[in-house]
Structures are given as structure tokens and as C-alpha cells.
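S.K.: Submitted below is the structure of interest, expressed as C-alpha cells.
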Amino acid sequence: MMTIKKTSLFAMALLVSVAVFGQKSKRTSANNYWQYKELDNAKEAIDPTITHEKTMNEAKTWFFRGQIYQSIYETQEEKYKSLHDNPLQVAFESFIKCKELDSKNFHKDMVLQYLNVEGQQFVNVGITKYNAKDYTGALQAFQNTLQACAIEGIERTDSLALYYAGASAEQTGDLELAEKYFRQAIAINYKAEAAFVRLVRMYSDKEGSEDKAFALLKEGREKFPNNQTLVTDEVNVYLKNDQHAEAVKSLEVAIAGEPTNASLHFAYGFVNDRLAAKEIEANPKGNEAYTGYIAAAEKSYAKSVELDGSNFDAVYNLGALYFNQAVKMNEAANMIDDMKKFEVARDAADAIFEKSLPILESAYAINPDDKGVLVSLKQLYYRKMAKDESYKKKYDEIIARMK
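Residue numbers (our numbering): 1 to 403.
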């Protein structure tokens, strides 16, 4: 019996020894195949070794695996390209694992070289995936770059990876992570203005985050007072909230930066128009402030029309500004008892009505169905018909369109 036991134990020991030797032999074979550029055989030999208990905890296993998969990523041979759908990721994770297990730093220098190169390669991967709208894949790639950059012995900053990690995270909906990376990009002044714009807009688009978006906008405006996009965003917030006085200040900065932007001139006219309306409501007889707002609105609307005559809002608002002004002047004239003074005031109102007519006709040509245009032209043509019957045709056209 003793002989049988000894024989059995010897056999078991032999089996274990063979198994261990078998895995290490496979690892050696994998490395040999890699050296001879037989990547299919190298992959087949190395894959089982990372799950076997005798080799899975040895740095050498993961180092060889990293080399093999790195070569699969870089190969130009078609027969090897299809061996794995993401070999660079596998190589990266393998070298990270090797570094963890390499207590004696036997592979340290080579691993750092590989990881540094892979960090750069992941930037290209990330850009490709980002452009293909694979934002999750892009985020993973850029994060790999940042992880590599943070490793002791590499310790470098990849500004592009930081910014686009933020952009990728934004696209995946992870705004907290996006802000983290954008903030880091801003801290090193890489695309800082663009990062602030993205921060503002991503929170502006998120329901319930308007206050945070505006706080970021104010921060961005303080850091970059001449950034046109941030100025425009600030203007839009003020307009949305009917904060016209604040909008005026922002628009003056915006127009100074883009003097040929018709939309900005229109917006400046619009806010002054609204400020004039508030002023006349508080002071029905008018005052210097009201006159100043009206003059600013008129000048800005006219400039907007000059720059873009096809902008209906600008054309109509300029015509409506004159028309409404004439209406008020006409109402004031009707309150005058002195005939001579009345005629002077009436003629002044008529002159402004005349000034509004061709502008409102231009607005009508752009949008013949706008109710405001139709109502104004109806009244103007009716007034003109009293002295010129030829306007009856135009009047009838407006009446027919209003039906």
C-alpha cells in the first residue's frame, strides 16, 4: 500500500509540474512567436496564461501579452488585423497589470516606454471615435491617455486629451465628468474660452440648471470679457429674462467686436425699443431718456436693415417704430385746440407715417402674411386713399389677405 501511495503522490507531483511547465512553456512559445512576427500563434499561446494560477500573477506574463497585442494593433498585415477588435486597449491594460506585479521593476523601463507611446496613440483613437460620434469609445481612449500621463516616470500633460475627454463626457451626458475635464483644460489655458462656452451651453440645455449656467457664464465673461460667443449668450439670457438694461451693456461689447453683425444691431435696437416703451409708460409725456432710447433703437434697426435687408424682424421693427411714433404724434395733435399748432403737429405726424410706409412695404414683401404688417399697411393705405385713389387697389389687396 505504501508503494502505491508513493507512486500516486509522485504521479500527482509530476502532473502538477507538467502543468506548470506547460503554462510557462506556452508563455515562452508566445514570446518566441512574437519575435518571429507570428502574431496569430503568439496570441493563441499567451491568452490562456493570464487565467492560469501559476502564470497569471507573474509580471512576465502580462509583459509578453502587452507586447503581442501592441504588435497586433500596429501590424499592417491584414491577416493579423482581425485577431482582436481593440488590441491597443488589451495591450494598455496588460502593461498596467505588469507594472502592478513587477515588484522588482524588472520590466519598468520598457513598460513606461510602451505606456507613454500608447498614451499618444489613444489620442488618435479618441479623435477618430469622436469624429465618428462614438463618444463612449472616445471618452475611454482619452481617459487612457490621461491615465498614462499621470504615471510616475511619464508625468506629462496632454492638453488635447483633457479637452476632448470633457467634450466626449459631455456628449455621453455625464456633465459632472465633463466639467471636471473642462476645468482642468481651463486651468492650463488650453482652449479655455471654448471650454467655458461648452460648460455654459451644456448646463443651459439641462432643465433646472439655468442658475448654474448663468453663474458659469458670468465667470467666463470675467475671464474672457471680449469673447463674442459668451457675450451673445449673456445677451440672450438678459433678453429671455427681460433684463433690457443689462442687455444693452453686453450688446455694446458684442457690437464693438462684430460691428457688421446685423443680428447684434437688431438686438440692440430691440432692447432700446423695449426700454423706450417702459419709459413712456412711466412718463406718458415723454422725456430725454425716452427720446434717447427711441433714437438708439432707430439707429440700430436701420443699421441692421442696411447690413441685411432680408431680415424681416429688423425691417418690420424699424417700420413699426416709425408707425407707432406717428400714431402717438397724431394722438397728441388731436388734443391741440389751436388750429395752426394742430396743423403743424398733424403734418409732423403725417411725415413720420410717410417714413414708415416704404419700410413696412418692404416687410410685407418679405412676409406678406404677418398680421402686424397687414394691420399697419391697412391703416396707412386708408389714410393715403383720402388724397390718392390709386392706393385703393393696395388697400383692397391687404383687406383680401387679412381675410
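Here a beta-carbon is modelled for each residue, glycine too, at the ideal position from N, C-alpha and C.
Since we're looking at a predicted model, the values are computed, not measured.
Residue 272 and residue 293: beta carbons closer than 7 Å?
M.R.: As a working mapping, residue 272 is identified with position 272 in the sequence shown. As a working mapping, residue 293 is identified with position 293 in the sequence shown. In contact: residue 272 and residue 293 (Cβ atoms closer than 7 Å).
S.K.: Look at the alpha carbon of residue 258 and the alpha carbon of residue 247, and state the distance between them as a whole number of angstroms.
M.R.: Position 258 of the sequence shown holds residue 258. Position 247 of the sequence shown holds residue 247. Their Cα atoms are separated by approximately 16 Å.
S.K.: Taking the Cβ atom as the reference point for each residue, do residue 178 and residue 142 lie within a distance shorter than 7 Å?
M.R.: The residue you call residue 178 lines up with position 178 of the sequence shown. The residue you call residue 142 lines up with position 142 of the sequence shown. Contact: no.
S.K.: With distance defined between alpha-carbon atoms, name the residue in 102, 41, 378 and 36 nearest to residue 61.
M.R.: Working through the sequence shown from its first residue, we reach residue 61 at position 61. Checking every option, the nearest Cα to that of residue 61 belongs to 102.
S.K.: Using the three-state DSSP reduction, which class does residue 274 fall into: helix, strand or coil?
M.R.: Taking the first residue of the sequence shown as position 1, residue 274 is located at position 274. Reduced to three states, the DSSP call for residue 274 is helix.
S.K.: Nearest to residue 399 by CA position, among 381, 190 and 200, is which residue?
M.R.: Counting from one through the sequence shown, the residue named residue 399 turns up at place 399. For residue 399, the nearest C-alpha among the options comes from 381.
S.K.: Whole angstroms is fine: what's the gap from residue 80's alpha carbon to residue 39's?
M.R.: One-based indexing of the sequence shown puts residue 80 at position 80. One-based indexing of the sequence shown puts residue 39 at position 39. Their Cα atoms are separated by approximately 7 Å.
S.K.: Assuming contact is defined by CB atoms lying nearer than 7 Å, are residue 154 and residue 116 in contact in what I supplied?
M.R.: Numbered from 1 along the sequence shown, position 154 holds the residue referred to as residue 154. Numbered from 1 along the sequence shown, position 116 holds the residue referred to as residue 116. Yes. Within cutoff.
S.K.: How many angstroms separate the CA atom of residue 374 from the CA atom of residue 261?
M.R.: Translated into the one-based positions of the sequence shown, residue 374 becomes position 374. Translated into the one-based positions of the sequence shown, residue 261 becomes position 261. Whole-angstrom Cα-Cα distance: 28 Å.
S.K.: Below 6 Å CB to CB, which residues in the same chain sit around residue 244 once its five sequence neighbours on both sides are set aside?
M.R.: Indexing the sequence shown from 1 puts residue 244 at position 244. Cβ neighbours of residue 244 beyond the five flanking positions: 271, 274 and 275.
S.K.: When you compare only the Cα positions, how much space is there between residue 193 and residue 214?
M.R.: Translated into the one-based positions of the sequence shown, residue 193 becomes position 193. Translated into the one-based positions of the sequence shown, residue 214 becomes position 214. Roughly 15 Å separates the two Cα atoms.
S.K.: Report the rounded CA-to-CA distance for residue 401 versus residue 368, giving the unit in angstroms.
M.R.: Numbered from its first residue, the sequence shown carries residue 401 at position 401. Numbered from its first residue, the sequence shown carries residue 368 at position 368. Near 8 Å, if we compare the C-alpha coordinates of residue 368 and residue 401.
S.K.: Rounded to whole angstroms, what is the Cα-Cα separation between residue 352 and residue 256?
M.R.: Here residue 352 refers to the residue found at position 352 of the sequence shown. Here residue 256 refers to the residue found at position 256 of the sequence shown. Residue 352 and residue 256: Cα-Cα distance of roughly 31 Å.
S.K.: Assuming residue 26 contacts residue 51 under a Cβ cut-off of 8 Å, what Cβ separation, rounded to an integer in Å, is found between them?
M.R.: Your numbering for residue 26 matches position 26 in the sequence shown. Your numbering for residue 51 matches position 51 in the sequence shown. The Cβ separation is near 12 Å, so there is no contact.
S.K.: For residue 413, which residues in the same chain have their Cβ closer than 7 Å to its Cβ, ignoring the five residues on either side in sequence?
M.R.: Examination of residue 413 is not possible in this model, given that the chain is present from 1 through 403 alone.
S.K.: Figure out for me which residue from 107, 100, 89 and 184 has the closest Cα to the Cα of residue 140.
M.R.: As a working note, residue 140 is residue 140 in the sequence shown. Closest by alpha carbon: 89.
S.K.: With distances taken between CB atoms, is the gap from residue 169 to residue 145 smaller than 7 Å?
M.R.: Stepping through the sequence shown from its first residue, residue 169 is reached at position 169. Stepping through the sequence shown from its first residue, residue 145 is reached at position 145. No.
S.K.: What is the rounded straight-line gap between the Cα of residue 59 and the Cα of residue 94?
M.R.: For the purposes of this step, residue 59 is identified with residue 59 of the sequence shown, where counting begins at 1. For the purposes of this step, residue 94 is identified with residue 94 of the sequence shown, where counting begins at 1. Roughly 9 Å separates the two Cα atoms.
S.K.: Classify residue 83 as helix, strand or coil using the three-state DSSP reduction.
M.R.: Taking the first residue of the sequence shown as 1, we reach residue 83 at position 83. Of the three classes helix, strand and coil, the one that applies to residue 83 here is coil, per DSSP.
S.K.: Report buried or exposed for residue 365, applying the criterion of at least 16 other Cβ atoms within 10 angstroms of its Cβ.
M.R.: Taking the first residue of the sequence shown as 1, we reach residue 365 at position 365. Exposed.
S.K.: Within 10 Å of its beta-carbon, does residue 156 have 16 or more other beta-carbons around it, so buried, or fewer, so exposed?
M.R.: If you number the sequence shown from 1, residue 156 lands on position 156. That one is exposed.
S.K.: Where does residue 126 land, buried or exposed, given buried means 16+ other C-beta within 10 angstroms?
M.R.: Here residue 126 refers to the residue found at position 126 of the sequence shown. Burial call: buried.
S.K.: In terms of residue numbering, what span does the alpha helix (DSSP H) encompassing residue 286 cover?
M.R.: Along the sequence shown, read from residue 1 onward, the residue named residue 286 stands at position 286. It is not in any alpha helix (DSSP H) - residue 286 carries neither H nor E in the DSSP assignment.
S.K.: Does the region 216 to 225 come into contact with the region 188 to 206, if we say contact requires no fewer than three beta-carbon pairs (one atom in each stretch) closer than 8 Å?
M.R.: As far as the Cβ criterion goes, the region 216 to 225 touches the region 188 to 206, which means the pair count is three or higher.
S.K.: Can you tell me which of 66, 208, 360 and 339 puts its alpha carbon nearest to the alpha carbon of residue 310?
M.R.: Residue numbering aside, residue 310 sits at position 310 when the sequence shown is read from its first letter. Closest option to residue 310, Cα to Cα, is 360.
S.K.: Out of curiosity, what's the CA-to-CA distance linking residue 393 and residue 377?
M.R.: Mapped onto the sequence shown, residue 393 falls at position 393. Mapped onto the sequence shown, residue 377 falls at position 377. One C-alpha to the other measures close to 12 Å.
S.K.: For residue 76, which three-state DSSP category applies?
M.R.: Numbered from 1 along the sequence shown, position 76 holds the residue referred to as residue 76. Note: residue 76 maps to coil in three-state DSSP.
S.K.: What's the C-alpha gap between residue 227 and residue 149?
M.R.: By 1-based counting over the sequence shown, the position of residue 227 is 227. By 1-based counting over the sequence shown, the position of residue 149 is 149. Between residue 227 and residue 149, the C-alpha separation is close to 31 Å.
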